[in-house]
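Taking my numbering, the leading residue of the sequence shown gets 2, the next gets one more, and so forth. Worksheet: the structure to be examined is printed underneath.
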Amino acid sequence: MKTFDLPKDFVEFLAHSDWDFTLSNLGHPIQVSLQEIEGLKEEDELGYLKTVVIGIIAKIEEARKIAADSYLDEYNEKWSKGGLITKEEFIARMKIGSINVPDWKEAFLEFDDGCDMFWGHALSVRFDAAFDIQEVTLEG
(Lines of atoms letter the chains of each structure in order from A and count residues from 1; the text may use other names and numbers.)
(Lines give C-alpha, C1' and ligand atoms only; values in the text may rest on other atoms or scores of the structure.)
Protein backbone atom coordinates (compact mmCIF):
# COMPACT_ATOMS: atom_id res chain seq x y z
CA MET A 1 0.00 0.00 0.00
CA LYS A 2 1.41 3.38 -1.03
CA THR A 3 1.39 6.32 1.41
CA PHE A 4 1.24 9.85 0.04
CA ASP A 5 2.35 12.68 2.30
CA LEU A 6 0.45 15.74 1.18
CA PRO A 7 1.10 18.34 -0.10
CA LYS A 8 4.61 17.03 -0.89
CA ASP A 9 3.31 14.04 -2.91
CA PHE A 10 0.48 15.82 -4.82
CA VAL A 11 1.72 14.80 -8.27
CA GLU A 12 2.20 11.14 -7.33
CA PHE A 13 -1.18 11.07 -5.56
CA LEU A 14 -2.93 12.40 -8.66
CA ALA A 15 -1.21 9.81 -10.86
CA HIS A 16 -2.09 6.88 -8.57
CA SER A 17 -4.83 4.87 -10.25
CA ASP A 18 -6.37 2.72 -7.53
CA TRP A 19 -7.80 2.84 -4.01
CA ASP A 20 -4.80 1.06 -2.45
CA PHE A 21 -3.25 4.05 -0.63
CA THR A 22 -3.08 5.95 2.63
CA LEU A 23 -2.65 9.67 3.15
CA SER A 24 -0.69 11.74 5.63
CA ASN A 25 0.24 15.36 6.23
CA LEU A 26 3.74 15.94 7.60
CA GLY A 27 3.79 12.28 8.64
CA HIS A 28 0.48 12.51 10.56
CA PRO A 29 -2.08 10.01 9.14
CA ILE A 30 -5.26 11.37 7.55
CA GLN A 31 -8.45 9.33 7.54
CA VAL A 32 -10.47 9.99 4.36
CA SER A 33 -14.05 8.95 3.68
CA LEU A 34 -16.31 9.41 0.67
CA GLN A 35 -20.02 8.75 1.07
CA GLU A 36 -22.06 7.37 -1.81
CA ILE A 37 -22.93 10.45 -3.83
CA GLU A 38 -26.03 10.42 -5.98
CA GLY A 39 -25.15 10.85 -9.63
CA LEU A 40 -21.43 10.11 -9.19
CA LYS A 41 -20.42 7.06 -11.19
CA GLU A 42 -18.31 4.49 -9.40
CA GLU A 43 -15.49 4.92 -11.92
CA ASP A 44 -15.41 8.67 -11.14
CA GLU A 45 -15.31 8.36 -7.33
CA LEU A 46 -11.53 8.20 -6.97
CA GLY A 47 -11.00 11.25 -9.17
CA TYR A 48 -13.62 13.21 -7.27
CA LEU A 49 -12.09 12.25 -3.93
CA LYS A 50 -8.65 13.37 -5.12
CA THR A 51 -10.09 16.72 -6.26
CA VAL A 52 -11.68 17.32 -2.87
CA VAL A 53 -8.63 16.24 -0.87
CA ILE A 54 -6.31 18.46 -2.90
CA GLY A 55 -8.75 21.39 -2.68
CA ILE A 56 -8.85 21.11 1.10
CA ILE A 57 -5.11 20.57 1.56
CA ALA A 58 -4.50 23.69 -0.54
CA LYS A 59 -6.51 25.66 2.05
CA ILE A 60 -5.09 23.99 5.16
CA GLU A 61 -3.22 27.03 6.49
CA GLU A 62 -6.26 29.24 6.00
CA ALA A 63 -8.40 26.64 7.79
CA ARG A 64 -5.98 26.52 10.72
CA LYS A 65 -5.96 30.32 11.05
CA ILE A 66 -9.75 30.59 10.88
CA ALA A 67 -10.12 27.79 13.44
CA ALA A 68 -7.68 29.58 15.74
CA ASP A 69 -9.49 32.89 15.27
CA SER A 70 -12.77 31.14 16.08
CA TYR A 71 -11.71 29.07 19.10
CA LEU A 72 -8.47 30.35 20.67
CA ASP A 73 -10.22 32.64 23.15
CA GLU A 74 -12.70 29.95 24.11
CA TYR A 75 -9.87 27.47 24.57
CA ASN A 76 -7.91 29.84 26.79
CA GLU A 77 -10.99 30.81 28.85
CA LYS A 78 -12.79 27.47 29.23
CA TRP A 79 -10.72 24.47 28.16
CA SER A 80 -7.07 25.12 29.00
CA LYS A 81 -5.69 22.93 31.76
CA GLY A 82 -2.52 25.03 31.95
CA GLY A 83 -1.58 28.53 31.02
CA LEU A 84 -2.72 30.60 28.10
CA ILE A 85 -1.40 29.74 24.66
CA THR A 86 -0.78 31.98 21.67
CA LYS A 87 -2.44 31.78 18.27
CA GLU A 88 0.78 30.35 16.85
CA GLU A 89 0.86 27.60 19.52
CA PHE A 90 -2.81 26.82 18.88
CA ILE A 91 -2.20 26.51 15.13
CA ALA A 92 0.90 24.34 15.66
CA ARG A 93 -1.16 21.81 17.63
CA MET A 94 -3.76 21.31 14.88
CA LYS A 95 -3.02 18.29 12.71
CA ILE A 96 -5.32 16.98 9.99
CA GLY A 97 -7.30 14.09 11.47
CA SER A 98 -9.84 13.35 8.76
CA ILE A 99 -11.51 14.55 5.59
CA ASN A 100 -15.11 13.50 5.02
CA VAL A 101 -17.00 14.01 1.76
CA PRO A 102 -20.72 13.43 2.38
CA ASP A 103 -22.08 14.89 -0.87
CA TRP A 104 -21.48 17.23 -3.83
CA LYS A 105 -22.14 20.37 -1.83
CA GLU A 106 -19.67 20.17 1.02
CA ALA A 107 -16.72 18.47 2.67
CA PHE A 108 -15.43 18.48 6.23
CA LEU A 109 -11.92 18.69 7.61
CA GLU A 110 -11.49 17.60 11.20
CA PHE A 111 -8.42 18.63 13.15
CA ASP A 112 -6.75 16.30 15.61
CA ASP A 113 -4.92 18.50 18.09
CA GLY A 114 -3.01 15.54 19.57
CA CYS A 115 -3.03 17.30 22.94
CA ASP A 116 -6.65 16.76 23.98
CA MET A 117 -7.10 20.54 23.93
CA PHE A 118 -10.88 20.27 23.86
CA TRP A 119 -11.11 17.18 26.06
CA GLY A 120 -11.99 14.74 23.27
CA HIS A 121 -13.87 17.21 21.07
CA ALA A 122 -12.53 18.16 17.64
CA LEU A 123 -12.58 21.26 15.48
CA SER A 124 -14.45 20.65 12.23
CA VAL A 125 -14.12 22.95 9.22
CA ARG A 126 -16.92 22.88 6.64
CA PHE A 127 -16.01 23.66 3.04
CA ASP A 128 -18.47 24.31 0.22
CA ALA A 129 -18.11 22.83 -3.28
CA ALA A 130 -15.69 25.63 -4.27
CA PHE A 131 -13.51 24.87 -1.20
CA ASP A 132 -14.45 28.10 0.52
CA ILE A 133 -14.58 27.77 4.29
CA GLN A 134 -18.16 28.13 5.54
CA GLU A 135 -17.83 27.54 9.27
CA VAL A 136 -15.75 26.04 12.04
CA THR A 137 -17.50 24.09 14.78
CA LEU A 138 -16.49 22.15 17.86
CA GLU A 139 -17.75 18.58 17.44
CA GLY A 140 -18.07 15.64 19.79
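Glycine included, every Cβ here is placed at the ideal spot set by N, Cα and C.
Output the distance between the C-alpha atoms of residue i and residue j, rounded to the nearest integer angstrom.
{"i": "Asn26", "j": "Val54", "result": "11 Å"}
{"i": "Thr52", "j": "Val102", "result": "11 Å"}
{"i": "Glu13", "j": "Leu47", "result": "14 Å"}
{"i": "Glu136", "j": "Ala130", "result": "13 Å"}
{"i": "Lys66", "j": "Tyr49", "result": "26 Å"}
{"i": "Phe143", "j": "Gln32", "result": "Nothing in the structure corresponds to residue 143, since the chain is present only between 2 and 141."}
{"i": "Ser125", "j": "Ile38", "result": "21 Å"}
{"i": "Leu24", "j": "Trp80", "result": "30 Å"}
{"i": "Ser18", "j": "Gly84", "result": "48 Å"}
{"i": "Lys82", "j": "Phe128", "result": "31 Å"}
{"i": "Ser34", "j": "Asp113", "result": "16 Å"}
{"i": "Glu43", "j": "Glu78", "result": "47 Å"}
{"i": "Tyr72", "j": "Gly121", "result": "15 Å"}
{"i": "Asp104", "j": "Gly56", "result": "15 Å"}
{"i": "Glu75", "j": "Lys3", "result": "39 Å"}
{"i": "Glu62", "j": "Asp45", "result": "28 Å"}
Which stretch, first to last residue, makes up the beta strand (DSSP E) that contains residue i?
{"i": "Ser125", "result": "Ala123 to Asp129"}
{"i": "Glu107", "result": "Glu107 to Asp113"}
{"i": "Ile86", "result": "Neither: Ile86 is in no beta strand (DSSP E) and is coded neither H nor E."}
{"i": "Lys96", "result": "Lys96 to Val102"}
{"i": "Glu140", "result": "Ile134 to Glu140"}
Counting along the chain, where does the alpha helix (DSSP H) carrying residue i start and finish?
{"i": "Asp70", "result": "Ile61 to Glu75"}
Are the CB atoms of residue j and residue i within a distance shorter than 7 Å?
{"i": "Ala123", "j": "Glu107", "result": "no"}
{"i": "Phe132", "j": "Lys60", "result": "yes"}
{"i": "Lys88", "j": "Ala69", "result": "yes"}
{"i": "Glu90", "j": "Gly98", "result": "no"}
{"i": "Ile58", "j": "Leu15", "result": "no"}
- Query: What alpha helix (DSSP H) runs, 4 residues minimum, are completely inside the stretch 6–46?
  - Reply: 11–16
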